[in-house]
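See structure below.
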Amino acid sequence: MSVLTSFTRRRSIPLLALPFAVACGAAGDTAPSGQLGTAAGGASSAPASQSAALPTTGPASALPGATAAPAAPAAPATGVSASPITFKIVADGSMATFRVREQLANLPLPNDAVGTTNAVTGQISFTPAGGLQAEASKVSVDLSTLKSDSGMRDGFIKQNTLQTSQFPTAEFVPTRAEGIPSPLPASGEHTFKLTGPMTVHGVTKEVTWDVTARREGGQLTGKATTAVKFGDFGMAAPRVPLVLSIVDEIRLELDLVASQAS
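Here the sequence shown stands for residues -26 to -1, 1 to 236, where the numbers follow mature numbering (1 follows the signal peptide of the UniProt record, and there is no 0).
In structure tokens, the structure reads:
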């Protein structure tokens, strides 16, 4: 082997190994990139700090000067409407009744003196949750139209007991309800209590009524009962001829028919 041939073979080894070294570096060789670049002809790769300065493909909010997209508007509430549910009393079918236990001279046993009137007006308003709208609820009764089975009794009670010429109207304003289901049922029969101020004979006193009511859609029917004493409203128990005694208790009843207001 000549000296030239031997020299050429020794110089060709690094040249043949260069592509292999570059391939290894591309596959993750730990050799510094500057050494590989020198072996490839003096070119060096960009420093890592320059690569980090390149724009990213992240969210727009991460870019300088970018603003976040406005939030989507909240979806409207789909719950029960907050509008009150008001039932207006219908005179046809509604009735106010009073009952007083009395002992007549010509009868062996006590009996009830009963007076009634259809002159009932007003309304009762509820929330969808079963609460009471007190500011929109009131029941009124025209006491001057009360009638019983005795014209003499009626005249005496209106003139001397109720004094309807001065106090013609009785009013009840419910301010609290107890036992109404929540939410307010659209149908069915339910029992509950209504409490609030009642004004009779110019005197106001808080009274609680026991109510049984049935609702069928937009129609409401019900019966409410309570009991008071004559003295509760500044009245004296009537004393009339042929009446031996009267129990100092007035049992009141309201039979109501009402329609839901539109």
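C-beta atoms are modelled at their ideal positions from N, C-alpha and C, and glycine is treated no differently.
So, does the segment 54 to 69 touch the segment 77 to 86, judging by three or more C-beta pairs under 8 Å? no
By the three-class DSSP mapping on this structure, what secondary structure does residue 238 have? Given a span of -26 to 236 for the chain in the structure shown, any question on residue 238 remains unanswerable.
Would you call the segment 149 to 162 and the segment 200 to 218 touching, i.e. three or more CB-CB distances under 8 Å? no
First and last residue of the beta strand (DSSP E) that includes R75? 69 to 78
For L226, tell me which candidate among K121, T101, P171, V202 has the shortest Cα-Cα distance. V202
Drop a sphere of 10 angstroms on the beta-carbon of S57, count the other beta-carbons inside from all chains shown, and report buried for 16 or more, exposed for fewer. exposed
Straight-line CA distance for T182 to L218? 31 Å
For T200, does the count of other Cβ atoms within 10 angstroms reach 16, so buried, or fall short, so exposed? buried
Please state if the CB of T195 and the CB of A235 are separated by a distance shorter than 9 Å. no
Cβ-based burial, S35 [other Cβ within 10 Å; buried from 16]: The pLDDT assigned to S35 is 43, lower than 50, so where the model puts this residue is not dependable; a value taken from the coordinates is nonetheless given after this. With fewer than 16 Cβ atoms within 10 Å of its Cβ, S35 is classed as exposed.
From E152, F207, S156, D206, pick the residue whose C-alpha is nearest to that of T186; which is it? E152
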